[in-house]
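The UniProt record's numbering puts the first residue of the sequence shown at 1, with every later residue one more than the last.
All C-beta atoms in this analysis are idealised placements derived from N, C-alpha and C, irrespective of residue type, glycine included.
All values reported here derive from a predicted model rather than from experimental measurement.
Everything below concerns the one structure shown next.
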Amino acid sequence: MSYEAILVVREDAVGIITLNRPQALNALNSQLMDELTAAVDAFEADDGIGCIIITGSEKAFAAGADIKEMKSKSYMDVYKEDFITAKWERVTRTRKPVIAAVAGFALGGGCELAMMCDFIIAADNAKFGQPEIKLGVIPGAGGTQRLTRFVGKAKAMDMCLTGRMMDAAEAERSGLVSRVVPLADLMTVTREAAKSIAALSRPAVMICKESINRSYETTLAEGIRFERRVFHSLFATEDQKEGMSAFADKRPAEFKHR
Ligand code: CAA
């Protein structure tokens with residue numbers, strides 16, 4: 001498939017998707033989301049890919065859903081097409097790890113897309129926000145739900161009710177992003193993280209991701225039970241034998257499944 005609204009690059013075992021509508025600060029229109037879904041599908045199906053990065057430009061990760069595209073939609077339009085979430089949820093169903101590398105604006109659907117990834121590495125110029133309230137609506141792709149789980153009720157209410165932006169330092173303090181790095185280092189640091197994940201045992205990485213995500217969907221006791229079962233299951237893999245033998249032999253592990 002050829003892409004117009006995104007750039008797709010494969011660097012060894014890392015797949016990089018760059019949102020690319022600079023004229024609209026990477027506003028997420030339906031074409032871009034269709035292309036993003038196709039690119040994620042392709043990387044998911046590609047056995048050679050161990051980690052995916054989604055990024056934007058230095059000025060904007062994405063300034064939200066495309067307001068110009070949605071402004072004249074009626075209730076029946078959005079209801080019938082199950083507007084936004086039906087298409088956007090693909091990233092959340094990816095079994096391989098997905099890192100969001102965020103510089104500049106991550107607003108509305110842009111912030112929501114970043115939160116659908118497994119973790120966010122932010123440049124020091126990043127700004128996060130859910131300004132939908134200023135448009136007479138509310139976040140529609142998980143903003144009221146995921147943001148609340150990441151930063152807690154007080155900050156989520158503050159962000160969603162006032163529509164104010166949070167800078168990178170506040171986002172890190174609040175638990176929204178895992179690290180903040182200088183803008184110039186954003187892609188180097190994110191590539192390093194992605195490469196190091198892609199070099200590990202693929203089943204261990206995918207099961208680890210699944211287990212952490214389970215903690216959002218279940219009770220602590222059920223989550224612990226799930227973790228124990230999948231932890232046990234990894235002892236059936238050649239990579240567990242290799243990883244532990246390599247440690248004992250004081251040599252780097254050569255995982256088979258990656
Ligand atoms: N949709 C469509 N176009 C957008 C856009 C968006 N979300 N955000 C920016 N653009 C366009 C602007 O219209 C402008 O285009 P023109 O040059 O053709 O006028 C271009 O991108 C550059 O934007 P600005 O001139 O506004 O740039 P700025 O630096 O002055 O301001 C900004 C930057 C503060 C991010 C401002 O663009 C802005 O507030 N954007 C809208 C943010 C927003 O409300 N996002 C939420 C969208 S709703 C949503 O996402 C629903 C959901 O939950 C899924």
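Under the three-state DSSP convention, the category residue i falls into
i: Cys160; result: helix
i: Arg229; result: helix
i: Asp167; result: strand
i: Ala253; result: coil
i: Ala141; result: coil
i: Arg258; result: coil
Cutoff 8 Å: residue i Cβ touching any chain E Cβ
i: Arg173; result: No chain E appears in the structure shown, which is made up of a single protein chain.
Test item: CB-CB of residue i and residue j under 8 Å
i: Ala103; j: Ala126; result: yes
i: Gly223; j: Ser215; result: yes
i: Leu36; j: Ile52; result: no
i: Asn26; j: Ala63; result: yes
i: Met187; j: Ala101; result: yes
i: Ser178; j: Ile120; result: yes
Top-ranked residue by Cα proximity to residue i, from the options
i: Met116; options: Phe255, Val40, Met1; result: Val40
i: Met157; options: Pro131, Arg173, Pro182; result: Pro131
i: Tyr48; options: Ala24, Ala13, Lys80; result: The residue asked about is misnamed: residue 48 is Gly in this sequence, not Tyr. For the residues Ala24, Ala13, Lys80, the minimum Cα distance to Gly48 belongs to Ala13.
i: Asp118; options: Ala194, Arg228, Lys241; result: Ala194
i: Ala24; options: Glu254, Gly56, Met165, Lys155; result: Gly56
heavy atom of the ligand CAA below 7 Å from residue i C-beta
i: Ile54; result: no
i: Glu58; result: no
i: Phe150; result: no
i: Ala199; result: no
i: Phe105; result: yes
i: Asp77; result: no
i: Ala27; result: yes
i: Leu147; result: no
Checklist entry - Which whole runs of the alpha helix (DSSP H) in the stretch 16–102 are 4 residues long or more, in chain order? => result 30–45, 67–70, 75–80, 85–88
Next on the checklist: To test your reading of the DSSP string, which unbroken beta strand (DSSP E) runs of 3 or more residues are found completely within the stretch 169–216?
Outcome noted: 179–181
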